[in-house]
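The opening residue of the sequence shown carries number 239 in our numbering; numbering runs sequentially from there.
The C-beta atom is built at its ideal place from N, Cα and C for all residues, glycine as well.
These numbers come from a predicted model, not from an experiment.
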Amino acid sequence: MTLACHSYKLPFSKPLKTSNQIFQYRKGFVLFHTKKEQEFFGEVAPLPGFSAENHKSVKKILLAHQQTLENKLDSSKPIDELKQFYRDADIPPSLQFGLDTLAYQIKAQQNNQSLFPYLFPDSAKKVPVNALISLQEDTVLNTVERNITSGYQTIKCKIGLHFEQELPLLRKIRNKYPKLTIRVDANQAWSLDQAVEYCNQLNDLNIEYCEEPLVEPTPKNLEQLSQHTALPLALDESTAQHPYWPNLLPFTKYLIIKPMVVGSFQKNIETKRLANTHNNKVVITTSLESSVGRYFIDLMAAGLGSPLIAHGLSTGFLLAKDISSDKNIFSEGYLNISSQPVTSINFEQQKLFKKLF
239 MTLACHSYKL
249 PFSKPLKTSN
259 QIFQYRKGFV
269 LFHTKKEQEF
279 FGEVAPLPGF
289 SAENHKSVKK
299 ILLAHQQTLE
309 NKLDSSKPID
319 ELKQFYRDAD
329 IPPSLQFGLD
339 TLAYQIKAQQ
349 NNQSLFPYLF
359 PDSAKKVPVN
369 ALISLQEDTV
379 LNTVERNITS
389 GYQTIKCKIG
399 LHFEQELPLL
409 RKIRNKYPKL
419 TIRVDANQAW
429 SLDQAVEYCN
439 QLNDLNIEYC
449 EEPLVEPTPK
459 NLEQLSQHTA
469 LPLALDESTA
479 QHPYWPNLLP
489 FTKYLIIKPM
499 VVGSFQKNIE
509 TKRLANTHNN
519 KVVITTSLES
529 SVGRYFIDLM
539 AAGLGSPLIA
549 HGLSTGFLLA
559 KDISSDKNIF
569 SEGYLNISSQ
579 PVTSINFEQQ
589 KLFKKLF
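This is the structure we're talking about:
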């Protein structure tokens with residue numbers, strides 16, 4: 239019975255720009271645990287700008303608690319053991335999520351089940367997904383057309399960099415594709431006055447929601463914005479930044495959950511319940527993880543995400559290199575959940591990894 243950990247650094251195909259940062263590559267850790275000749279994989283990948291922890295701090299914790307983690311996973315009740323450990327050692331969310339992926343796989347195997355039916359026995363295995371569209375490209379309409387032809391019915395556009403240029407492009411998309419569902423993400427780019435002005439300009443485009451419009455998303459500011467625009471609003475990074483974030487839910491219609499940022503499986507389930515109490519629909523999105531982590535995010539989307547709306551799962555194409563391909567699981571704008579997670583990784587052949595322990 240062993241626990242191994244390898245770090246990875248995967249480059250993006252091209253720099254990924256938001257309103258407040260640029261991503262050149264994705265860093266994280268792949269956990270590998272063997273138990274009774276069974277192999278289980280998980281991923282720990284804090285997301286800069288969203289996660290409170292970072293790659294360096296997670297590495298320090300992994301090295302400090304290597305033997306403890308192995309003992310917890312080898313116990314007869316790994317989930318319960320880890321829950322207590324998270325509280326006692328103040329374990330950050332991304333590490334909680336990665337360890338839970340291992341613990342729940344072990345528990346499912348003990349019950350002679352694969353992970354998905356063990357976690358969410360009544361969930362559909364087919365999940366609608368959105369396409370991610372860059373408004374900074376010269377061929378935006380061609381890209382939208384290509385995605386629609388591939389079956390996508392929802393697109394997500396990052397905005398907030400140059401709104402005076404982005405708005406006309408969104409109008410062109412809406413005019414050409416009146417039935418297309420469009421959602422936008424401002425990544426906290428605007429002051430309250432700007433958000434009121436810009437959201438009202440977007441309102442006649444029949445936008446599904448505007449995600450994180452405010453640079454200061456306080457309850458007072460979000461309440462003011464919701465009173466001055468009819469555009470549905472959504473939360474994302476605010477949930478990790480502010481301890482009072484549940485006080486924002488009365489003023490939003492959608493809650494974006496990044497499971498790797500939220501933490502343990504139980505914390506993700508509790509966050510979903512909290513959204514339900516405020517009638518917020520839940521959209522599950524990746525944190526730009528590798529294919530290992532995205533598999534478990536896919537399960538969360540099927541089990542916790544609101545049905546019939548698209549989820550942000552199709553992000554593997556953004557990486558120039560990945561641990562494995564997930565192209566075959568996407569078809570006609572849907573993701574098809576497979577019953578088995580990653581079953582093998584050649585850590586040496588791919589030259590993507592550096593062994594931590």
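- In this structure, DSSP gives Asp423 an extended state, which the three-state scheme calls strand.
- For Glu402, the secondary structure class from DSSP, reduced to helix, strand or coil, is helix.
- By DSSP's assignment, Phe250 forms a beta bridge with Leu557.
- Between the segment 519-526 and the segment 545-558 there are three or more inter-stretch CB-CB distances shorter than 8 Å, so the stretches are counted as touching.
- The DSSP-derived three-state label of Gly266 is strand.
- Shown here for Thr467: same chain residues with a beta carbon closer than 7 Å to its own, the five before and five after excluded, namely Val434, Cys437, Asn438, Asn441 in chain order.
- Looking at His480, Thr553, Ile393, the one whose alpha-carbon comes closest to that of Gly531 is Thr553.
- Contact between Ala302 and Pro330 does not hold, since their C-beta atoms are separated by about 13 Å, which reaches or exceeds 8 Å.
- Using a 10 angstroms sphere on the CB of Ile260, the tally of other CB atoms stays under 16, which defines it as exposed.
- Residue ranges of uninterrupted beta strand (DSSP E) with 3 or more members, entirely inside the segment 492-572 and ordered along the chain, are 492-495, 519-522.
- Using a Cβ distance threshold of 8 Å, Leu443 and Arg412 count as a contacting pair.
- Burial state of Gly287 is exposed, judged by a 10 Å Cβ sphere holding fewer than 16 other Cβ atoms.
- When the beta-carbon positions are compared, Glu527 and Gly280 stay at least 8 Å from each other.
- Pairing Leu473 with Leu493, the inter-Cα distance amounts to about 5 Å.
- When rounded, the separation of the alpha-carbon atoms in Asp360 and Gln403 is 45 Å.
- Ranked by Cα distance from Phe591, the first of Glu508, Asn485, Lys559, Asn566 is Lys559.
- Per DSSP, Ala346 is not a residue of any beta strand (DSSP E); the alpha helix (DSSP H) it occupies stretches across 331-348.
- Contact check for Ser332 and Val367: beta-carbon distance about 22 Å, past the 8 Å limit, so the pair fails to qualify.
- Cβ neighbours of Lys510 within its own chain (closer than 8 Å, five residues either side excluded): Ile495, Val520, Leu542.
- Under the 8 Å Cβ criterion, the segment 339-357 counts as touching the segment 314-327, having at least three qualifying pairs.
- For Tyr533 against Val365, the beta-carbon gap comes to about 13 Å, at or over 8 Å, which does not count as contact.
- For Tyr447 against Lys491, the beta-carbon gap comes to about 6 Å, under 8 Å, which counts as contact.
- The beta carbon of Tyr324 lies closer than 7 Å to those of Gln334, Ser502 in the same chain, with the five residues before and after it left out.
- Within the same chain, and ignoring the five residues on either side of Arg409 in sequence, the residues whose Cβ sits closer than 8 Å to its Cβ are Leu443.
- Leu407 places its beta carbon less than 8 Å from that of Leu373.
- Within its own chain, the residues whose Cβ lies closer than 7 Å to the Cβ of Asn349, once the five positions on either side in sequence are excluded, are Tyr356, listed in chain order.
- In the structure shown, the three-state DSSP call for Leu357 is helix.
- Excluding its 5 nearest sequence neighbours in each direction, Leu300 has C-beta neighbours in its own chain below 8 Å: Cys243, Phe267, Val282, Leu307, Leu333, Leu594, Phe595, listed in chain order.
- A residue is called buried when at least 16 other Cβ atoms come within 10 angstroms of its Cβ; Thr377 does not meet this threshold and is exposed.
- Look at Asn292 here: in three-state DSSP terms it is coil, with no helix or strand label.
- DSSP links Gln276 through a beta bridge to Lys273.
- CA-to-CA, the gap between Ala540 and Ala362 works out to about 6 Å.
- When Lys274, His400, Ala478 are compared, the shortest CA-CA separation from Leu285 is found for Ala478.
- The beta carbon of Thr240 lies closer than 6 Å to those of Thr272 in the same chain, with the five residues before and after it left out.
- Counting C-beta atoms within 10 angstroms of its own C-beta, Arg264 has 16 or more neighbours from the protein chains shown and is therefore classed as buried.
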